[in-house]
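In my numbering, the protein residues as written are 2 to 224. The structure appears below as structure tokens.
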């Protein structure tokens, strides 16, 4: 369904320091979907207000509200937006095997990559850690090794074509790189893929701006 057929732009509650938020911004720029962006001040607890908890009891960003329909989790949001708005479904094709591969990569992201990344960021933001422990760095590097292997035989993370899985993973990998560098000599395929993603015409606005915000936040916390 085209945006012109809808009453208003979908509302996205967001903080672009979040990689998950940036994955949605990447998709929306790719599909030229207009959003009503509603920045959330997570530091002040805006996501814990009664108003937002009524919208999303899980109090997470991104959260999308589309004419009364509420969905959160960036993977679910991006799948919904392609299905609801995109005439061209190439970023999340309907072919069963292609979609299954993309779904698997999304589960790899949500179940393996992101938790290892979050373990580090939460130790810094919630526990006051001033460095990344060897154990946490090793755990994340192990995931880098898996992604490197996936990219040895494909141009993108789920095959030869760009997909919503690339948006999810690039937003997290570029953020993780701030804390546990993705060394080009150890992970050449990841490095080449990131460079390819950076050439997307909407990458700078959709990912780099928020990534710089995340980087400054981490530097401030680490002292």
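All C-beta atoms in this analysis are idealised placements derived from N, C-alpha and C, irrespective of residue type, glycine included.
(request) State the beta-bridge partners of residue 39 as determined by DSSP. (result) According to DSSP, residue 39 bridges with 14.
(request) Whole angstroms is fine: what's the gap from residue 216's alpha carbon to residue 93's? (result) 30 angstroms
(request) Indicate the three-state DSSP secondary structure (helix, strand or coil) for residue 104 in the structure shown. (result) helix
(message) Please state the DSSP three-state secondary structure of residue 113.
(response) helix
(request) Alpha carbon to alpha carbon, how far is residue 88 from residue 127? Give it in angstroms, no decimals. (result) Cα-Cα distance, rounded: 42 angstroms.
(request) Provide the residue(s) that pair with residue 67 in DSSP beta bridges, ordered along the chain. (result) 70
(request) Answer yes or no: do residue 72 and residue 165 have a C-beta to C-beta separation smaller than 8 angstroms? (result) no
(message) I need the boundaries of the alpha helix (DSSP H) containing residue 82, first residue and last residue.
(response) Counted as a single uninterrupted DSSP element, the alpha helix (DSSP H) harbouring residue 82 occupies residues 75-86.
(request) Sort 13, 222 and 11 by Cα distance to residue 125 and report the nearest one. (result) 222
(message) Could you pull the DSSP bridge partners for residue 157 from this structure?
(response) 160
(request) List the endpoints of the continuous alpha helix (DSSP H) containing residue 209. (result) First-last for residue 209: undefined, no H or E at that position.
(message) For a test of the three-state rule: what should DSSP assign to residue 1, helix, strand or coil?
(response) Limits of the chain in this structure are 2 at one end and 224 at the other, which puts residue 1 out of reach.
(message) Please identify the residue among 171, 136 and 154 whose C-alpha is closest to the C-alpha of residue 201.
(response) 171
(request) Go ahead and pull the three-state DSSP assignment for residue 133. (result) coil
(message) Is it the case that the region 144-155 contacts the region 188-207, given that we only count it when at least three CB pairs across the two stretches are under 8 angstroms?
(response) yes
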